[in-house]
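In our numbering, the protein residues as written are 4 to 301.
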């Protein structure tokens, strides 16, 4: 008689919250951040991080440098895939899940080829902290707890330290203040930033059927704050589209809140197509290999 595979009992929605409550964010931040990123909010983290890219383009010096390298314009999908791979692989080292520092070395090699000021590096780091946290507080099935916030901050502090970034804020409030102040003072239009933003937007839209792309374009624009749209010189989305996006995200929030907790960890690489590397990748060969050191405004 054929035996049917055993079905695992669904986890309670608060399974991971109860797990986190037993941990100390100051010492157990690798475990807590892993739960937040891979079990509780993987979709939210991925979507918000994708949109965070546009913020960096709105800083003229960053946007112009990215445009000058041509990687994000001429090879958008490869650059997008490379970014995801290096961040995920570096994260395994940051969180102590891997002893292989190849990815973080690759990240430092790529950035080290350019004369990037510390304030720009620190701003980009802050986008990985603040953008996902604010997204989750608005669209996640629940708000982040204090322990989760502390753990996310500790994770990215360690990431920044390994990249040699200086003057890293001590807490979430410090990151948020730096993020908001930097955007208020530095966001402005640049042709290079707009070119890179258009290339990234084109890639995101390419994932959808042609007939849906105008609607998806409006939806994406509605998820960029007005000051970010202005800096990139993007038109405001139709009010009906913006309202529909908020309704859809609200419905998703309510649905996820009623679903069992995710048992298996989900990595961004599990859901990405990675068409650049159909047969897999060698992390030592991922990314760009600049041959000369240049200024951020070269």
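Even for Gly, the Cβ is constructed at its ideal location relative to N, Cα and C.
Below 6 Å CB to CB, which residues in the same chain sit around residue i once its five sequence neighbours on both sides are set aside?
i, result
"residue 70", "195, 198, 199"
"residue 113", "290, 291"
"residue 101", "95"
Could you give the C-beta distance for residue i and residue j, rounded to a whole number, given that I count them as a contact under 8 Å?
i, j, result
"residue 130", "residue 247", "With 8 Å as the limit, residue 130 and residue 247 do not qualify as a contact, their Cβ atoms being about 26 Å apart."
"residue 191", "residue 222", "Between residue 222 and residue 191 the Cβ distance is about 25 Å, and since that is not below 8 Å, they are no contact."
"residue 46", "residue 158", "Going by Cβ atoms, the distance from residue 46 to residue 158 rounds to 19 Å, so no, they are not a contact pair."
"residue 105", "residue 286", "5 Å"
"residue 89", "residue 110", "5 Å"
"residue 65", "residue 59", "5 Å"
"residue 76", "residue 257", "Wrong, their Cβ atoms sit about 39 Å apart, outside the cutoff."
"residue 263", "residue 14", "5 Å"
"residue 51", "residue 135", "4 Å"
Quickly, what does DSSP pair residue i with across the bridge? List them, please.
i, result
"residue 264", "14"
Expressed to the nearest angstrom, what Euclidean distance is found between the alpha-carbon atoms of residue i and residue j?
i, j, result
"residue 49", "residue 117", "27 Å"
"residue 103", "residue 239", "44 Å"
"residue 269", "residue 91", "11 Å"
"residue 99", "residue 122", "27 Å"
"residue 175", "residue 186", "17 Å"
"residue 228", "residue 252", "16 Å"
"residue 224", "residue 35", "32 Å"
"residue 162", "residue 153", "14 Å"
"residue 24", "residue 119", "40 Å"
"residue 261", "residue 144", "9 Å"
"residue 266", "residue 42", "7 Å"
"residue 211", "residue 61", "25 Å"
Give me, in chain order, the residues of the same chain whose beta-carbon lies closer than 7 Å to that of residue i; leave out the 5 immediate sequence neighbours on both sides.
i, result
"residue 80", "206, 278, 279"
"residue 214", "none"
"residue 38", "19, 22, 23"
For residue i, I'd like the list of residues in its chain whose CB is within less than 8 Å of its CB, leaving aside the five on either flank, ordered along the chain.
i, result
"residue 29", "153, 157"
"residue 318", "This structure cannot settle anything about residue 318, because the visible part of the chain is limited to 4 through 301."
Spell out a yes or no on whether the stretch 115-127 and the stretch 169-186 are touching, meaning 3 or more CB-CB pairs, one atom from each, closer than 8 Å. Verdict: yes, contact present.
Segment contact, 8 Å Cβ cut-off, at least three pairs: the stretch 16-25 with the stretch 80-92: A contact is defined here as three or more CB-CB pairs under 8 Å, and the stretch 16-25 fails this definition with respect to the stretch 80-92.
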